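Down below is the structure, laid out as structure tokens.
Numbering (this note's numbering), first residue to last: 79 to 176.
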């Protein structure tokens with residue numbers, strides 16, 4: 079786990095860009111019922127969101143991982159909607175600070 083003091087603003091911005099791209103891929107994965115990919119994304123975000131200073135993503139990442147394991151498409155759709163809104167809010171705030 080990274081020390082938050084070691085994470086630069088540039089690293090945080092790149093992390094947010096990756097999440098944004100992954101969320102687009104998650105929509106594709108949901109449509110094709112690629113639960114393995116969705117579970118992987120939830121697991122990865124769960125594992126590194128706090129390290130990058132984005133603890134807000136953790137509950138949704140946990141929920142996404144569990145919903146993908148359960149193959150619960152309605153729950154996944156709901157989670158992705160809220161995760162996307164949260165990531166976009168963080169990106170917006172991040173850009174205002176930069």
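Where is the CB? At the ideal position from N, CA and C, for every residue including glycine.
Bear in mind that the values here come from a model prediction, so they are computed numbers and not experimental data.
Beta-carbon contacts of residue 138 that lie in its chain and below 7 Å, excluding the five residues immediately before and after:
157, 160, 161 and 164
Residue 152, buried or exposed, once every other Cβ within 10 Å from all chains shown has been counted against 16:
exposed
In terms of residue numbering, what span does the alpha helix (DSSP H) encompassing residue 168 cover?
151-175
Using only alpha-carbon positions, find the residue among 173, 111 and 172 that is nearest to residue 148.
111
Using CA atoms only, rank isn't needed, just tell me which of 109, 123 and 106 is closest to residue 93.
123
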